[in-house]
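Inspection log for the structure reproduced underneath, given as structure tokens.
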Amino acid sequence: MNLLKILTAGVFAAAAFSAAQVSASVLDTVKQRGVLNCGTDNTAPGFGYLNTTTGQMEGLDVDFCKAVAAGVLGDASKVKFITVTDKSRFDAVLTGQVDVVFAHTTIKPARESSISIDFLPINFYDGTGLMVKTDAGIKEFADLDGATICTTQGSATETVLTAAFKARGWKDSKVLTYENLEKLFSALNSGRCNAMSTDKSALAAWAGNAPKPTDYLILPDTLDKSPFGGFVAANDSKWRNALRWIEYGLFQAEESDITQANLAEKLKSEDPFVQKFLGVDGGYGKDFGLPDDFIAQAIKAVGNYGEVYDRNLGPKTKMYLDRKGTPNALWTQGGAIYSPLWN
Amino acid sequence: MTIHETSAVRGMVDHDHLKSRRLRNRIRHEAIQFGVIAIVVALLGLLAYAVKSGLAEKGIRFSFSFLANTAGFDISEGWTLTSGESFLPDFTLFSPDMTVASAFVTGIFNTAKVAFLAIILSTVLGTMLGVGRLSTNWVVRNLCFWIVEFVRNTPLLIQLVFWYFAVVLRFPPMASAAHFYGLIVSQQGVYVPALSWVGGDSMFSIALVTLILVSVVGAIFDPIKGMRRVCVAAAVIYFALLFVTGGVELNFPVANKFKASGGTSISPEMAALLLAIVVNSASFIAETVRGAIDALPKSQWEAAASLGLSRRYTVNDIVLPQVFRVVLPSFGNQYISLAKNTALGIAVGYPDLFNIYGTIANQTGHSLEGIIIVMASYLILSWIISTLVYWANRRLNPMGVPR
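Heads up: the sequence lines are chains A and B, in that order. Numbered per our numbering, the first sequence spans residues 1 to 343. Numbered per our numbering, the second sequence spans residues 344 to 746.
As structure tokens, this is what we get:
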């Protein structure tokens, strides 16, 4: 009987505990814990990738995790990277295993309406592309009627491909899905897949990191647009707003020409906007539940958006994705990276 | 008053006393049983309530209505049931316009297909390996020993990845595929000629098909061995007749740019999964068979030898029939674990139930409901297998017959 009493008490306690956990904002949980649990991919060069020579996580998504840790906790090293796959990423954030996910996730309505997550602002504009082996003699998407096209399971590409086949009336084409990009790339190499389809940036990364990049051809077609954003569990505006404005802060820093290098100098600036923006005099942080210098901390850790981009995806990297002329450029240069008003 | 009397009187008293005590004991016993069940039910209810309210607080909806939505994603292979025009459901290839429920059915079909084939093939291969381990031939004995040792002592997942990437995907590409008598072996799959129905609704052809079915049923279930042989012969003759009169014809696969059309095919993913599971289960079955043969009294072998039976006849007619009576329950366990192992198909992209669940959970967001359906499906599949094994066991070991 004693055992039963303990069991009953346990269930009640578990229910009460889960209820208590829900009511607090993740922001408070993170501050209390002192470490940010950030979900990233570790097989996506340029976004989230374990650099085997340095043993460090690298990529655009990884830098966003660091910026959040710096903004919220004042220290970019207080971040624990938790690997999520295309399939596990939503459950990881819903169950509280991670506080936020930055994992090259395509923003689309079904995900906010039925998975109960809230997206953060777009941090990369991508498109769904296809890659074939050069010796296959395929030049464009139209050549692939009847082919087997492979992608990762749980990605937005799965439905994009199905829709593309339907629009063209292709009956024999098949979509084959693999767990992760590594298996997908092996299957393309073996010839099982006539084409590999995922976001163009990832295709560029896999071709660029291959022993012989010229063996692969990225087709000119873009099947659909694919805007990436981080996401958090739904119904926690305190946490979501804090993250949104850290992200906007990185955009605004580029626009205001504040970089990692000139930060110390800018902190001494007389400009009232810069003083408030960086939290030298007043600041925006307090009402968000953040330190006033949260943007300065984020910039100190990773630099502004342009620096983050160039370090991970820019022309100097293996990815070689130039921002010029793409939506990934700042709005002042004709792109779509735009921060709302800071005032 | 004698001692005897005293005890008799006291015995009477004891008897009534005992009766009421027994009754009380029984009531108490049943009350405890009932109480335990009530507490378990209450705890389960509480758990369900806690889960549901927890989900509601996180804004996660719990409902099965998503099953009726259009799937919108493709599945690389597999058949499903859809509500057809007639009363019976249609059995067709899955297409993205169908519902999420149809996608689940496709997954169940794919899982059941691999499990069914793997059970048959691993039983045959496993028995052969098990008998082979006791062969008098040194090469056969050691080969079987090392196969079994190697396969039993490495993880199935790694074997699966090996079969897929290192064996099946090393087949030639479609353009230079190997052709033998209409069979095409390529990394896009193995294509074999298939029978296709061209008899239309000709009464003669339909009558022949009915006769074939009756003969096949007879060949399996007729209690007399001679009759079973007659039934097999009849089935073959009727089939030949059907083929000659044009009721069915062979449909050869034709290679085209990316794949082959016509015929029937096994995809590389299914081939790899089937190979991995068959070889793995066969090595466990082999050990069961070998153990059972070892446990058989030596006198059985000696008696067979003294009757002048060759080793082949001894194994086939004396040893194996006795072994199968003993090993069937262990085979049942192996079949169930084999059926559950098909869930590893996801590692090579085979669209089994668990793989399709992953896609559905991601596209619809209903992962909890999905996993409940998946678990229930595996439970039912396992129950079906154990029922069949139980039925086969009853047939092989009738009540009261000594082993």
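From the three backbone atoms N, C-alpha and C, an ideal C-beta is built for every residue, glycine too. Being a predicted model, the structure only gives us computed values, none of them experimental.
Residue i burial status per 10 Å Cβ neighbour count (16 or more: buried)
i        : result
A/ASP126 : buried
B/LEU361 : exposed
B/GLN677 : buried
B/ILE567 : exposed
A/PHE347 : Any question about residue 347 of chain A goes unanswered here, given that chain A covers just 1 to 343.
A/ASP236 : buried
B/SER649 : exposed
A/PRO45  : buried
B/PHE601 : buried
B/GLY473 : buried
B/PRO596 : buried
A/ALA233 : buried
A/PHE165 : buried
B/MET749 : Outside the displayed range of chain B (344 to 746) lies residue 749 of chain B, so it cannot be described from this structure.
B/ALA411 : exposed
A/THR197 : The identity of residue 197 of chain A in the sequence shown is Ser, whereas the question assumes Thr. Its Cβ being crowded by 16 or more others within 10 Å, A/SER197 is buried.
A/PRO211 : exposed
B/LEU610 : Per the sequence shown, the amino acid found at residue 610 of chain B is Ser instead of Leu. By the 10 Å Cβ count, B/SER610 comes out buried.
A/PRO220 : exposed
B/ILE714 : exposed
B/THR702 : buried
B/TRP734 : exposed
B/SER406 : exposed
A/GLY137 : exposed
B/HIS358 : exposed
A/LYS139 : exposed
A/VAL308 : buried
Residues bridged to residue i (per DSSP)
i        : result
A/GLN56  : A/ASN51
B/SER529 : B/GLY532
A/THR43  : A/TYR49
A/ILE122 : A/GLY229
A/MET196 : A/MET131 and A/CYS150
A/ASN37  : A/LYS80
A/LYS174 : A/THR148
B/GLU592 : B/SER539
A/TYR216 : A/LYS133
B/ALA329 : Since the first residue shown for chain B is 344 and the last is 746, residue 329 of chain B is missing from the structure and cannot be characterised.
A/ASP224 : A/THR128
B/SER608 : B/TYR534
A/ILE117 : A/ALA233
B/LEU436 : B/TRP422
Nearest-angstrom Cβ-Cβ length linking residue i and residue j, presumed shorter than 8 Å
i        : j        : result
B/PRO439 : B/GLY415 : 6 Å
A/GLY345 : A/LEU120 : What the structure shows of chain A is the stretch from 1 to 343, and residue 345 of chain A is not part of that stretch, so it cannot be assessed.
B/LEU526 : B/LEU593 : 12 Å between Cβ atoms; not a contact.
A/ALA24  : A/LYS300 : Going by Cβ atoms, the distance from A/ALA24 to A/LYS300 rounds to 29 Å, so no, they are not a contact pair.
B/VAL457 : B/ALA629 : Wrong, their Cβ atoms sit about 20 Å apart, outside the cutoff.
A/ALA147 : A/ASN194 : 4 Å
A/ASP292 : A/GLY282 : 7 Å
A/LEU313 : A/LEU60  : 6 Å
B/ILE699 : B/LEU477 : Rounded, the Cβ-Cβ distance is 43 Å, inconsistent with contact.
A/GLY303 : A/GLN252 : Not confirmed; about 13 Å, so no contact.
B/THR423 : B/SER408 : That pair is no contact at about 19 Å.
Per-residue contacts from residue i into chain B (C-beta, under 7 Å)
i        : result
A/ASP91  : SER710
A/SER186 : PHE508
Contact list for residue i against chain B, beta-carbon separation under 8 Å
i        : result
A/ARG192 : LEU512, GLN530, GLN531 and PRO611
A/LEU60  : Result: empty, since nearest Cβ-Cβ is about 22 Å, beyond 8 Å.
A/LYS200 : None at all; the shortest Cβ gap to chain B is about 21 Å.
A/LYS87  : GLY701, ALA704 and ASN705
Chain A residues whose Cβ lies nearer than 7 Å to that of residue i
i        : result
B/THR707 : SER114
B/GLY692 : LEU176, THR177 and TYR178
B/PRO596 : The premise fails here: B/PRO596 is roughly 13 Å from chain A at the closest Cβ pair, so nothing lies under 7 Å.
Residue i: contacting residues in chain A (beta-carbon distance under 8 Å)
i        : result
B/ILE563 : Chain A residues near B/ILE563: none, gap ~37 Å exceeds 8 Å.
B/ILE689 : GLN153 and GLU179
B/THR702 : GLN153, GLY154, GLU158 and THR177
B/PRO516 : GLY191
B/ASP417 : GLU158, LEU161, THR162, PHE165, LYS174 and VAL175
Contact list for residue i against chain B, beta-carbon separation under 9 Å
i        : result
A/ALA147 : LYS600, PHE601 and LYS602
A/LYS225 : Residues of chain B passing the Cβ test: none, with the nearest at roughly 18 Å.
For a minimum of 3 consecutive residues, which ranges assigned as the beta strand (DSSP E) are wholly contained in the stretch 468-545 of chain B? List check, beta strand (DSSP E) in window: 521-523, 526-529, 532-535 and 537-540.
Alpha helix (DSSP H) runs wholly inside the stretch 602-680 of chain B, at least 4 long, in chain order: Entirely contained in the stretch 602-680 of chain B, the alpha helix (DSSP H) runs reaching 4 residues are, in chain order, 611-638 and 641-649.
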